[in-house]
Structure formats: structure tokens, C-alpha cells
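In this note's numbering, the protein residues as written are 5 to 351.
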């Protein structure tokens, strides 16, 4: 059986034609005004106010009613994977406002642009509408040659190509970087001694730290359309315990973290970004054992009140398999009064 879906570009909106043409690079989709006899015909009925999609078949005509490009791509994925009976219809509605994936590109195995575009096509067919590249420092930064040095960094041109490809598929590309910890691959270079607190953590309150972060944020603003940026800040366990301690003496980690976040937030706002950040430090700093999932962890009221407005927390939990566990920690996050997303894992 010929599984190819044919569409007439003359009757298809330009953005839908771009999406279908990109998917056709790998999948049995063809644009033509003269399909062969008996071919499966794809007809589009965009309804911007609609939530989700519906696929209805009459003979070999497969009419897709959809609200967004993401809904269209998901409907095409359905038609490529199984038949809809003649005279029947199938409908789906996305249960989440945002469904995304984060790909780790900080482990000396940066995915090529061509291969990432293959991922994007598959994500589109599955109904994903967001994708992140986790890049600790594996991206080009003007005037900073040690960013991603010998680690396969992405050039600005490559990031823009990825963003363009994702946009054609109805997927929002979001930068996912680090602005406090997890920067050992950068801070090992002597050029960054002035912004180094410990081996992996930036020096809070140092003006050069915020000049560097400003360059990072500006770079992503120039490469991706999205005005959401994930600024990281997880697992910075020893913040304030290195050169900061030598220069300024002891300071409560909660205070350093919130103060630093406020400075990063100001930088993001200048570029129009609404930042996301990992939530673990708020719970680890309140735990006597430093455990993310310590139910005895306490957060002082003044710390909770000082969390800057305008940020969204991301609760990462890659290991748990108990519904009660997730329910408990989601409630703990909601108690903070800060919008929260969930980052689970694919095993």
C-alpha cells in the first residue's frame, strides 16, 4: 500500500507548506497539484481558535482540522503511523501547554545541526512544541575563545539554523545555559580567574561576572526567537565558599543565591527574556544533608519572600518512580508561590 500523503501547495498556507516540506525530507509526504490515482490526499482546515486537531477521512481525502502548527504536525504523525477508517474521525488535545525535550550538548558529544534537525522532525510528529539545547559553555561567544574550546561548540550561525528549522516545525527553541555553577570546563582556564569563586561556580557580586553573563544572554537573544531562556544555576553547592569567602567572609548561601538571581534577572530583562532556572538549590540549601529530596528541608520565610518575581522554577527529577513522591514535591514547589515546570527523564 502506498503510504504517501499528497498535498496541493496552492491550497495550503505558507507556514503549513514549509512544515510539510521539511517533514517530506525524511517521510512519505509529497507536494503536487496532480497526485496519482488512488493516492491519499491531505486537506488542511486551519482553525486558530481550536485546541488540538481532528483527522476525518472520506474516501482517500484526509481532512485535518487544527489549531497550531504543532497540532498539524501531530496529526500528520498520526496519519503516517496508522489508518483512519473511511468515514471515521480521530481527535486529540494536548494536555500540556508546553511539551518539550532538553538535549545535553555539554559532554564532548555535541549533536550536529543536520542530526538535530532529524530529531526536530520526529519531535514535531510526536506533538512536541519546545526543544532545549543544554549548553554549559559549548557555544560561540564573541571575544571569549575558551567558550567550548575543543568541545564542539555551536557557532551562532548553527544556532540560528537550528532555530529556523524548529520554527518551521512549530517548535520553540529555548537556550539552556549556566550562569552560576556547572562551569568547570570554562573556569579551568586562567583567563577566568577573576570571575571564579570555586572550580565550577562563578564569583557572586563581582562586576566582571555580570559583564560575562550579559554577553552570554545577549548572544542567545541574537540566535533564538524565543524570549524564554533557561539560566541554570543548579548544583552550585559551594557558592560563596571559595574566593568569595576569602574576599568577603562568610555569607548565607540563600542570600548569595537570591542576590545573584536578581542580577541575572535584570540582565535577562534587558534582552526581553523571561528566565527559567532549576529549583534544586532552594531545597538543598535548606537541607542539613544537602539533599534535593530531603523532606525535612526548611526554607526561611525571608528567603521565600526574596525570590525575585518574574522567574519560573524547573523541578528536575530524573530518578523517581513514585506518584506520591512527585505529588509531594510539586506541592512543595507550589508552596513557594513561583510558577513551576517539571523536567523528568527518558529512561
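By construction, the Cβ of each residue, glycine as well, lies at the ideal position given by its N, Cα and C atoms. Predicted model, so just to flag it, every value in this text is computed and none were measured.
Beta-bridge pairing of residue i - partner residues as DSSP gives them
i           : result
residue 34  : 10
residue 129 : Note: residue 129 sits in no beta bridge, so no partner.
residue 177 : 135
residue 280 : 234 and 316
residue 206 : 200
residue 143 : 158
Neighbourhood of residue i by C-beta, 7 Å cutoff - its chain only, sequence neighbours within 5 removed
i           : result
residue 151 : 141, 143, 144, 145, 157 and 190
residue 193 : 150
residue 2   : Limits of the chain in this structure are 5 at one end and 351 at the other, which puts residue 2 out of reach.
residue 203 : 188 and 191
residue 82  : 59 and 94
Start and end residues, alpha helix (DSSP H) containing residue i
i           : result
residue 259 : 257-274
residue 106 : Per DSSP, residue 106 belongs to no alpha helix (DSSP H); it is in the beta strand (DSSP E), 104-108.
residue 25  : 18-27
residue 222 : 211-227
residue 302 : No alpha helix (DSSP H) holds residue 302; DSSP gives it neither H nor E.
residue 248 : 247-252
residue 80  : 73-85
Pairwise C-alpha distance: residue j and residue i
i           : j           : result
residue 311 : residue 262 : 6 Å
residue 161 : residue 227 : 8 Å
residue 293 : residue 283 : 17 Å
residue 238 : residue 184 : 8 Å
residue 232 : residue 224 : 10 Å
residue 49  : residue 71  : 9 Å
residue 15  : residue 47  : 8 Å
residue 18  : residue 25  : 10 Å
residue 30  : residue 57  : 23 Å
residue 90  : residue 12  : 21 Å
residue 322 : residue 182 : 19 Å
residue 138 : residue 186 : 11 Å
residue 353 : residue 345 : What the structure shows of the chain is the stretch from 5 to 351, and residue 353 is not part of that stretch, so it cannot be assessed.
Residue range of the unbroken beta strand (DSSP E) whose run includes residue i
i           : result
residue 333 : Where residue 333 is concerned, there is no enclosing beta strand (DSSP E), although the alpha helix (DSSP H) it sits in stretches over 327-338.
residue 50  : 44-50
residue 342 : That residue, residue 342, is in no beta strand (DSSP E); it is neither H nor E in DSSP.
residue 66  : 65-70
residue 95  : 93-96
residue 62  : 57-62
Contacts around residue i, its chain only, beta-carbon distance under 8 Å, and the 5 residues preceding and following it disregarded
i           : result
residue 147 : 219
residue 273 : 314
residue 77  : 23, 27, 128, 129, 131, 173 and 174
residue 171 : 177 and 229
Close-in-space but distant-in-sequence residues of the same chain around residue i (CB under 6 Å, 5 per side omitted)
i           : result
residue 10  : 34, 36, 39, 43 and 45
residue 102 : 134
*Determine, using beta-carbon pairs with one atom in the segment 240-260 and one in the segment 272-292, whether at least three such pairs fall under 8 Å.*
yes
*For the segment 82-99 against the segment 51-63, are there 3 or more C-beta pairs whose distance is under 8 Å?*
yes
*On the three-pair Cβ rule with 8 Å, is the segment 107-124 touching the segment 199-214?*
no
*Pairing CB atoms from the segment 307-322 with CB atoms from the segment 272-283, are three or more of them under 8 Å?*
yes
*asked:* I want to know whether the segment 99-119 touches the segment 207-216 - three or more CB-CB distances under 8 Å.
replied: no
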